[in-house]
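Residue numbers (the working numbering): 298 to 594.
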């Protein structure tokens, strides 16, 4: 029977568990898809779509698209059963999700791939995506230490610094999305205004010399983390002040730890390692497709 692409159903669960069981067999990490699959099926609607590739009544591939803003879509959870790889099922899923997202109004779509995931990197390029940026996570330990620079919560100041920052250029203007975990979208002034009220926006220095913004608290591996959409700064002293401000902010929340998205540049990674002392081993890559890759049916 020819493969078909259809909306995911609850009765696909066992197939999803099976096809994700060996996705990262060479790494000490389990795939998150089985944990969220039922929620994904329940949440399908105008702003998100979960599709599977069906072969002889069995789901052998899965992927999801989420509309983040009026023009931006996010693709995630792309998986294909190991016995069915090399048959173009990943591209088939991507094509259907791009069409769905375009019909929903998006004009650009993005996805994230771990830098060590060679199959995922190749699949992204095969599907017509281009690598646009990379980032890494920093994890400053929470503390009530006082930063050596002035700390503010002014979205206008943060926005001014962000626009002029080389970190913004390196990230192509993207930051962690405030609505969808693990997704990146364009950071806007309106987002900073909202986060200054609902979460916090941090600036350091009178000029200023750095900014960050908290988007939420989340649970990861049994711990509560404070997540910061982005952190950028001018030099190592500003990095130290910014990470100290983030750590102090996290301490007020009573969380177990932090996760801060930083640009994957030699300067930012080196200064973050020096200033915070705790960064992820590997970066993550962000891929993008737009223009002719997006067309409304």
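Glycine is no exception: its CB is placed at the ideal position from the N, C-alpha and C atoms.
Which of helix, strand or coil DSSP assigns to residue i
| i | result |
| --- | --- |
| residue 402 | coil |
| residue 492 | helix |
| residue 263 | In the structure displayed, the chain extends from 298 to 594; residue 263 sits before or after that span and is not available. |
| residue 355 | strand |
| residue 447 | coil |
| residue 437 | coil |
| residue 362 | strand |
| residue 428 | strand |
| residue 454 | helix |
| residue 250 | As displayed, the chain neither begins before 298 nor continues past 594, which places residue 250 out of reach and without an answer. |
| residue 484 | coil |
Proximity below 7 Å, CB of residue i to CB of residue j
| i | j | result |
| --- | --- | --- |
| residue 580 | residue 561 | yes |
| residue 550 | residue 523 | yes |
| residue 576 | residue 435 | yes |
| residue 535 | residue 557 | no |
| residue 390 | residue 356 | no |
| residue 410 | residue 585 | no |
Neighbour-count burial assignment, residue i, 16 or more Cβ in a 10 Å radius
| i | result |
| --- | --- |
| residue 643 | Residue 643 falls outside the range modelled here, since the chain spans only 298 to 594, and no answer is possible. |
| residue 422 | exposed |
| residue 448 | buried |
| residue 377 | buried |
| residue 306 | exposed |
| residue 347 | buried |
| residue 299 | exposed |
Cα-Cα separation between residue i and residue j, rounded to whole angstroms
| i | j | result |
| --- | --- | --- |
| residue 563 | residue 442 | 27 Å |
| residue 531 | residue 506 | 5 Å |
| residue 465 | residue 529 | 8 Å |
| residue 491 | residue 440 | 26 Å |
| residue 572 | residue 540 | 7 Å |
| residue 335 | residue 504 | 48 Å |
| residue 313 | residue 374 | 11 Å |
| residue 552 | residue 383 | 43 Å |
| residue 310 | residue 385 | 22 Å |
| residue 616 | residue 349 | Look at the range of the chain in this structure, 298 to 594, and you will see that residue 616 is not part of it. |
| residue 358 | residue 317 | 9 Å |
| residue 424 | residue 472 | 23 Å |
| residue 457 | residue 511 | 17 Å |
| residue 476 | residue 370 | 12 Å |
The ligand GTP heavy atom lying under 6 Å from the CB of residue i
| i | result |
| --- | --- |
| residue 305 | Because no ligand of any kind appears in the structure shown, any question about the ligand GTP cannot be addressed here. |
**Request:** Jot down the residue ranges of each uninterrupted alpha helix (DSSP H) in the segment 299-342, minimum 4 residues, whole runs only, in chain order.
**Result:** Correct list: 310-316, 330-340.
**Asked** Mind pulling the alpha helix (DSSP H) runs of 4 or more residues that sit fully within the segment 499-583?
**Response** Runs found: 533-550, 563-573.
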